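Colleague:
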Amino acid sequence: MKTKTMSSLFISATIMLLMLAGPVTAQHEYTYKNGKKYPSGKCVNFSKMADKAAIHEKILSNEDGFPGEKKEGQPAVHVDSMISYSVYEGFTIRQTYIYAFRSRLQTLLTETRIEDTWINTEQSEYTYDRKGNLLTETISSWTGTDWEPYLNLTYTYNKIGQRTSMLYHDLSGGFIELVSMFYDHRGNRIKELGKSWDGSSYVNLEMWTYTYNRQNDRLTTLGQFWDGAGWMDVQRETWTYRSKGKWLTDMLEYSDGFEWGKYLLYENTYNQAGDRVSYTGSYWYEGTGWQ
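Here the working numbering runs 15 ahead of the position in the sequence shown, where the first position is 1.
#1: Quick one: grab the DSSP three-state call for R117.
#2: From the DSSP output, read off the bridge partner residues of R201.
#3: Does DSSP classify L208 as helix, strand or coil?
#4: Within the same chain, show all residues whose beta-carbon is closer than 6 Å to that of S195, passing over the 5 residues directly before and after it, in chain order.
#5: Excluding the 5 residues preceding and the 5 following D144 in the sequence, name in chain order all residues of the same chain whose CB lies nearer than 6 Å to its CB.
#6: Within its chain, find whatever has a CB closer than 7 Å to the CB of T136; leave out the 5 residues flanking it on each side and keep chain order.
#7: Consult DSSP for G276 and reduce its assignment to one of helix, strand or coil.
#8: On a Cα-Cα basis, can you pick out the residue from I191, S258, S293, L267 that is closest to S215?
#9: Is it the case that the Cβ atoms of T122 and I113 are separated by a distance below 9 Å?
#10: If you count every other CB in all the chains shown that lies within 10 Å of the CB of V218, and 16 or more means buried, which is it?
#11: Which class does F1 belong to by DSSP, given the choice of helix, strand or coil?
#12: So what does DSSP say about T160, is it helix, strand or coil?
#13: Mapping the DSSP letters down to three states, classify N283 as helix, strand or coil.
#14: Using the C-alpha atoms, what's the distance from D213 back to Q177?
#15: Below 6 Å CB to CB, which residues in the same chain sit around G245 once its five sequence neighbours on both sides are set aside?
#16: Going by beta carbon distance, what residues of the same chain come within less than 6 Å of L182, once the five residues before and after it are set aside?
#17: Where does Q287 land, buried or exposed, given buried means 16+ other C-beta within 10 angstroms?
#18: Does F190 come within less than 9 Å of chain D when only Cβ atoms are used?
#19: Whole angstroms is fine: what's the gap from A115's alpha carbon to G147's?
#20: Per the DSSP calculation, Q138 is bridged to which residue(s)?
#21: Whose C-beta lies closer than 8 Å to the C-beta of D248 among residues of the same chain, with five residues either side of it excluded?
#22: Suppose the cutoff is 8 Å on Cβ atoms and the five residues either side in sequence are ignored; what does the same chain contact list for F197 look like?
#23: With burial defined as no fewer than 16 other Cβ atoms inside 10 Å of the residue's Cβ, what is the status of S101: buried or exposed?
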């Protein structure tokens with residue numbers, strides 16, 4: 016989890032714009048331990064047309080055996096590496112995922128194709144504890160000759176494996192933030208409190224609070240920033256559900272500190288069997304509504 020600073024709010028909004036912008040082409044290639052294929056004998060390589068949201072979900076999900084998914088009656092899949100290609104408005108991006116023991120992501124390399132050459136862009140490296148919890152994440156940019164780290168993330172956990180803190184250190188600008196996580200009796204994360212280092216102590220910066228229904232589905236997210244005297248509302252996200260785990264609407268709103276303004280609305284529809292059949296996103300336009 017990366018902390019939601021003002022800059023990351025802008026980045027998140029930009030990503031959302033790209034997700035709704037149009038179709039892209041994606042192709043994913045996998046390699047396996049000792050060259051073995053997927054347990055069913057089916058190679059998991061594929062090439063398809065999809066929107067950015069679908070591709071983002073595919074890359075980050077455990078679908079199609081990525082990575083280490085255990086299907087009923089079959090051994091778990093252990094992936095050595097996965098290469099993801101995506102094209103958007105002429106820019107081709109290649110991301111190479113390298114896995115270590117128990118399919119834990121060890122390195123993520125991002126490259127951009129310039130003319131006929133792949134150029135290094137960014138590299139992320141990960142370390143874990145003995146239980147498989149992510150301990151550190153170091154992100155580096157390519158200087159033209161070597162990798163220069165610009166961001167370090169360090170995590171801690173409690174005895175039952177819940178993440179309790181994240182230390183965010185911007186190596187280029189010197190910004191440091193400590194984010195503490197809190198949970199309810201059912202294990203749901205209900206609050207994240209971020210404090211920045213001012214050179215002598217940690218002071219309030221941001222707070223994110225979450226609510227859930229009885230099925231532990233998230234209902235609301237509220238983001239607030241400290242203005243020196245109190246907490247100011249910045250971002251709010253609200254979900255509705257068809258049934259457990261199957262959300263119908265996801266609405267994102269922003270606040271200027273005085274009133275809320277609608278921004279994005281995602282909607283799912285399902286068939287009678289409960290399978291998702293459509294996924295749409297709309298922007299809010301004053302005077303005309305969702306489009």
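Every residue gets a Cβ at the ideal spot worked out from N, C-alpha and C, and that includes glycine.
Note that the coordinates shown come from a computational prediction; the quantities given were computed from them, not determined experimentally.
Modeller: Straight from the coordinates:
#1: helix
#2: Bridge partners of R201: none, in fact.
#3: strand
#4: S180, L208
#5: L150
#6: T125, E126, T127, W157
#7: strand
#8: I191
#9: yes
#10: exposed
#11: Since the displayed the chain opens at 16 and closes at 306, residue 1 lies outside it and no answer follows.
#12: coil
#13: strand
#14: 28 Å
#15: none
#16: T169, L193
#17: exposed
#18: Among the protein chains of the structure shown there is no chain D, as only one such chain exists.
#19: 11 Å
#20: L124, S155
#21: L237, G238, Q239, S270, G272, W275
#22: R204, I205, K206, E207, L208
#23: buried
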